[in-house]
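Peer 1: Quick one: the structure is below, and I'll ask about it shortly.
Number of protein chains: 2
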Amino acid sequence: MEDLDRQIIELLSVDGRMSYTDLGRATGLSTSAVHQRVRRLEERGVIRGYRAIVDHDALGLPLTAFISVSPLDPAAPDDVPERLTGLGDLEACHSVAGVESYILKARVGSPGDLEDLLARVRAAANVSTRTTVVLSTPWEGRPVPPERRG
Amino acid sequence: MEDLDRQIIELLSVDGRMSYTDLGRATGLSTSAVHQRVRRLEERGVIRGYRAIVDHDALGLPLTAFISVSPLDPAAPDDVPERLTGLGDLEACHSVAGVESYILKARVGSPGDLEDLLARVRAAANVSTRTTVVLSTPWEGRPVPPERRG
DNA sequence: AATGAAAGGGGTCATTG
DNA sequence: CAATGACCCCTTTCATT
Chain A
4 MEDLDRQIIE
14 LLSVDGRMSY
24 TDLGRATGLS
34 TSAVHQRVRR
44 LEERGVIRGY
54 RAIVDHDALG
64 LPLTAFISVS
74 PLDPAAPDDV
84 PERLTGLGDL
94 EACHSVAGVE
104 SYILKARVGS
114 PGDLEDLLAR
124 VRAAANVSTR
134 TTVVLSTPWE
144 GRPVPPERRG
Chain B
4 MEDLDRQIIE
14 LLSVDGRMSY
24 TDLGRATGLS
34 TSAVHQRVRR
44 LEERGVIRGY
54 RAIVDHDALG
64 LPLTAFISVS
74 PLDPAAPDDV
84 PERLTGLGDL
94 EACHSVAGVE
104 SYILKARVGS
114 PGDLEDLLAR
124 VRAAANVSTR
134 TTVVLSTPWE
144 GRPVPPERRG
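Residue numbers (the working numbering), protein chains in the order written: chain A, 4 to 153; chain B, 4 to 153.
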């Protein structure tokens with residue numbers, strides 16, 4: 004990973020809509036050179052896409068929760084992620100090393116919606132759940148800068 | 004929140020670099036109408052920014068972990084988030100209702116880096132930690148669609 | 001609040017070094 | 001792999017409704 008690529012990634016992590024012209028000015032490359040590098044980063048899967056960062060409160064989804072999941076039948080084949088896909092309200096699904104098997108991140112509108120979601124999760128994947136409600140989020144989604152080599 | 008705004012937000016959540024022209028085509032609005040709406044969504048703070056989504060493996064940060072944090076001195080003023088800001092490697096900090104006080108999300112390069120980070124977290128905020136290592140991430144950062152009204 | 005037009009700048013590609 | 005130049009499309013603004 005070249006230094007120029009890391010610079011470009013860092014800039015696009017902070018402002019995903021920055022123009023190739025501005026990226027060029029910031030990196031000392033021409034517009035088309037930057038464009039070429041970005042295309043290659045996208046093709047290689049280093050840059051996976053671009054997203055608008057949205058305020059969940061404004062969207063009517065003020066309640067965030069982490070749901071830890073344990074399969075009830077340890078003998079059953081583990082297809083929990085597949086069963087939870089398309090359930091809605093779930094932003095992430097991590098397989099973890101710990102007491103439980105998965106950690107889910109949920110965004111809902113109200114405690115009632117969370118109650119509904121938990122019922123749907125348990126039913127869809129045959130699991131028990133342990134839920135941790137988020138009270139506030141001092142910071143989130145902060146881009147972790149790419150590793151620098153000495 | 005109007006339906007057109009929700010449509011625009013959904014489109015920009017999936018492709019944060021979509022052009023105003025394409026947004027117009029997708030929503031049936033003129034380019035300038037879309038542009039005006041996006042500007043207002045940004046000004047109101049509904050759209051908080053745009054980010055490139057980056058593959059952490061490719062950046063040399065293949066190890067993700069959730070760190071649950073408990074203050075050692077419950078009498079001390081709670082400024083954990085401030086103390087952890089700028090520590091690096093931390094992507095998020097949530098204040099939570101549960102046995103522990105905070106959940107942190109970390110991205111590091113190796114178990115050794117995680118060990119270092121945990122020491123820094125404990126020292127900086129005077130806390131004990133409980134860490135859950137992520138083994139794999141079936142999905143993450145999936146945009147939760149804005150609430151639809153019946 | 002949306003439209004359409006006009007002016008300027010950026011994206012895109014082929015070519016060259 | 002980067003730079004240049006040309007062309008086209010998009011962005012941006014403004015007057016109009």
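Think of the CB as a built atom: it goes at the ideal place given N, C-alpha and C, for glycine as much as any other residue. Small disclaimer: the values here were computed from a predicted structure and weren't measured.
#1: On the criterion of 16 or more Cβ atoms from any shown chain inside 10 Å, does P80/B qualify as buried, or is it exposed?
#2: Considering only residues of the stretch 103–134 of chain A, which uninterrupted beta strand (DSSP E) runs meet the minimum length of 3 residues and lie entirely inside it, listed in chain order?
#3: Taking a contact to mean a Cβ-Cβ separation below 8 Å, would you say R110/B touches E85/B in this structure?
#4: Using a Cβ cut-off of 9 Å, pull out every chain B residue sitting near P146/A, in sequence order please.
#5: In chain order, what residues of the same chain lie with their CB nearer than 8 Å to the CB of I211/A, ignoring the 5 residues before and after it?
#6: Expressed to the nearest angstrom, what Euclidean distance is found between the alpha-carbon atoms of T30/A and A36/A?
#7: Could you check the C-alpha separation between D25/B and G27/A for me, to the nearest Å?
#8: Would you mind sorting S104/B into buried or exposed? The rule is 16 or more other CB atoms within 10 Å of its CB.
#9: Give the DSSP bridge partners of V99/A, in chain order.
#10: Counting only Cβ pairs nearer than 8 Å, list the residues of chain A close to V99/B.
#11: Helix, strand or coil, according to DSSP, for E5/B in the structure here?
#12: Give me whichever residues DSSP pairs with V57/B in a beta bridge.
#13: Does the CB of P141/B have a neighbour CB from chain A at under 8 Å?
#14: Does the Cβ-Cβ distance between V57/A and S16/B come in under 8 Å?
#15: Should Y53/A and Y53/B be called a contact, given that it needs their Cβ atoms to be closer than 8 Å?
#16: Grab me the residues of L64/A's own chain with a C-beta within less than 7 Å of its C-beta, minus the 5 sequence neighbours each way, in chain order.
#17: DSSP on S73/B, reduced to helix/strand/coil?
#18: To the nearest angstrom, report how far apart Q10/A and H59/A are at their CA atoms.
#19: Closest Cβ-Cβ distance between Q10/B and chain A: below 8 Å?
#20: Can you list, in chain order, the residues of the stretch 9–35 of chain B whose Cβ is nearer than 7 Å to any Cβ on chain A?
#21: Residues of chain A with CB under 7 Å from R43/B, in chain order?
#22: Does any C-beta atom of chain A lie closer than 8 Å to the C-beta of P84/B?
#23: When you compare the CB of G115/B with every CB in chain A, is at least one pair closer than 8 Å?
#24: Cβ of P141/A within 8 Å of Cβ of S73/B?
Peer 2: Considering the structure as presented:
#1: Here residue 80/B corresponds to residue number 77 of the second sequence, with the count starting at 1. Exposed, since its Cβ has fewer than 16 Cβ neighbours within 10 Å.
#2: Note on the stretch 103–134 of chain A: whole beta strand (DSSP E) runs with a minimum of 3 residues are 105–111, in chain order.
#3: Working through the second sequence from its first residue, we reach residue 110/B at position 107. Working through the second sequence from its first residue, we reach residue 85/B at position 82. No, these two residues do not count as a Cβ contact at 8 Å.
#4: If you number the first sequence from 1, residue 146/A lands on position 143. Neighbours of P146/A across chain B, judged by C-beta separation under 9 Å: R54, A55, V57 and E94.
#5: This structure cannot speak to residue 211/A, because chain A is shown only from 4 to 153.
#6: As a working note, residue 30/A is residue 27 in the first sequence. As a working note, residue 36/A is residue 33 in the first sequence. Whole-angstrom Cα-Cα distance: 10 Å.
#7: For the purposes of this step, residue 25/B is identified with residue 22 of the second sequence, where counting begins at 1. For the purposes of this step, residue 27/A is identified with residue 24 of the first sequence, where counting begins at 1. Distance between the alpha carbons of D25/B and G27/A: 25 Å.
#8: Position 101 of the second sequence holds residue 104/B. With a threshold of 16 other beta carbon atoms within 10 Å, S104/B meets it and is buried.
#9: Looking up residue 99/A in the first sequence gives position 96. According to DSSP, which records beta bridges pairwise, V99/A is partnered with V137/B.
#10: Your numbering for residue 99/B matches position 96 in the second sequence. Think of a sphere of 8 Å around the beta carbon of V99/B: the chain A residues whose beta carbon falls inside it are F69, T135, V136, V137 and L138, in chain order.
#11: Start at 1 with the first residue of the second sequence, and residue 5/B comes out as number 2. Coil.
#12: The sequence position of residue 57/B within the second sequence is 54, counting from 1. The partner list for V57/B (beta bridge, DSSP) reads I50/A.
#13: For this step, residue 141/B is matched to residue 138 along the second sequence. For P141/B, the nearest beta carbon of chain A is closer than 8 Å to its own beta carbon.
#14: For the purposes of this step, residue 57/A is taken as residue 54 along the first sequence, with counting starting at 1. For the purposes of this step, residue 16/B is taken as residue 13 along the second sequence, with counting starting at 1. Yes.
#15: As a position in the first sequence, residue 53/A is number 50, starting the count at 1. As a position in the second sequence, residue 53/B is number 50, starting the count at 1. Y53/A is a Cβ neighbour of Y53/B, given a cutoff of 8 Å.
#16: Counted from its first residue, the first sequence places residue 64/A at position 61. Taken in chain order, the residues that qualify are R110, V111 and G112.
#17: On the second sequence, position 70 is the one that residue 73/B refers to. Residue state for S73/B is assigned as strand, using DSSP reduced to three classes.
#18: As a first step, residue 10/A must be located in the first sequence, where it is residue number 7. As a first step, residue 59/A must be located in the first sequence, where it is residue number 56. Rounded to the nearest whole angstrom, the C-alpha separation of Q10/A and H59/A is 30 Å.
#19: The residue given as residue 10/B occupies position 7 in the second sequence. Taking 8 Å as the threshold, the shortest C-beta distance from Q10/B to chain A does not fall below it.
#20: Correct list: I12, L15, S16, D18, G19 and R20.
#21: Taking the first residue of the second sequence as position 1, residue 43/B is located at position 40. Chain A residues near R43/B: none, gap ~12 Å exceeds 7 Å.
#22: Looking up residue 84/B in the second sequence gives position 81. It does; some Cβ of chain A falls within 8 Å.
#23: By 1-based counting over the second sequence, the position of residue 115/B is 112. Answer no: the Cβ-Cβ gap between G115/B and chain A never drops below 8 Å.
#24: Residue mapping note: residue 141/A aligns to position 138 of the first sequence, counting from 1. Residue mapping note: residue 73/B aligns to position 70 of the second sequence, counting from 1. Against a cut-off of 8 Å, the Cβ pair of S73/B and P141/A comes out as no contact.
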